[in-house]
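Worksheet: one structure, shown below.
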Amino acid sequence: MVATLFYVDALPGTGALAEVCGDEGFHAATVRRIRSGERLVLGTALAAWPTAWWRRPAATGCEPGS
């Protein structure tokens with residue numbers, strides 16, 4: 030399966046977490062039904078695309094669709 034691409038404002042450092050919020054986060058969790066441990070790709074406006082793995086966060090203040 031091909032990893033899904035999601036855009037973030039800035040890429041995290043190696044081993045750090047990135048939050049995929051707003052419409053992208055809603056799409057990941059609800060529409061795509063991505064589960065913990067699934068591979069995805071993060072992109073920025075500068076077209077950097079490292080591989081990452083999805084983890085549903087604990088309450089972080091990042092609300093779907095916000």
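Residue numbers (the working numbering): 30 to 95. C-beta: ideal position from N, C-alpha, C; glycine also. Remember, it's a predicted structure, so these values are computed and weren't measured experimentally.
Restricting to Cα atoms, I'd like to know which of G44, H56, V60, V49 is closest to T73. By 1-based counting over the sequence shown, the position of residue 73 is 44. Measuring from the Cα of T73, the nearest candidate turns out to be V49.
Between the alpha carbons of V31 and D38, how many angstroms are there, rounded? Taking the sequence shown and counting its residues from 1, the one referred to as residue 31 is at position 2. Taking the sequence shown and counting its residues from 1, the one referred to as residue 38 is at position 9. Distance between the alpha carbons of V31 and D38: 22 Å.
Compare the C-beta of G54 against all C-beta atoms of chain D and say whether one is closer than 9 Å. Note that chain D does not occur in the displayed structure, where there is just one protein chain.
Ordered along the chain, which non-local residues of its own chain (more than five positions away) have a Cβ less than 7 Å from that of T43? To locate residue 43, count along the sequence shown from 1; it is residue 14. None.
Assign L51 to one of three DSSP states: helix, strand, or coil. Taking the first residue of the sequence shown as 1, we reach residue 51 at position 22. Note that residue 51 is Gly in the sequence shown, not Leu. The three-state secondary structure of G51, taken from DSSP, is helix.
Would you report the Cα separation of Y36 and L71, rounded to the nearest angstrom? Residue numbering aside, residue 36 sits at position 7 when the sequence shown is read from its first letter. Residue numbering aside, residue 71 sits at position 42 when the sequence shown is read from its first letter. Roughly 6 Å separates the two Cα atoms.
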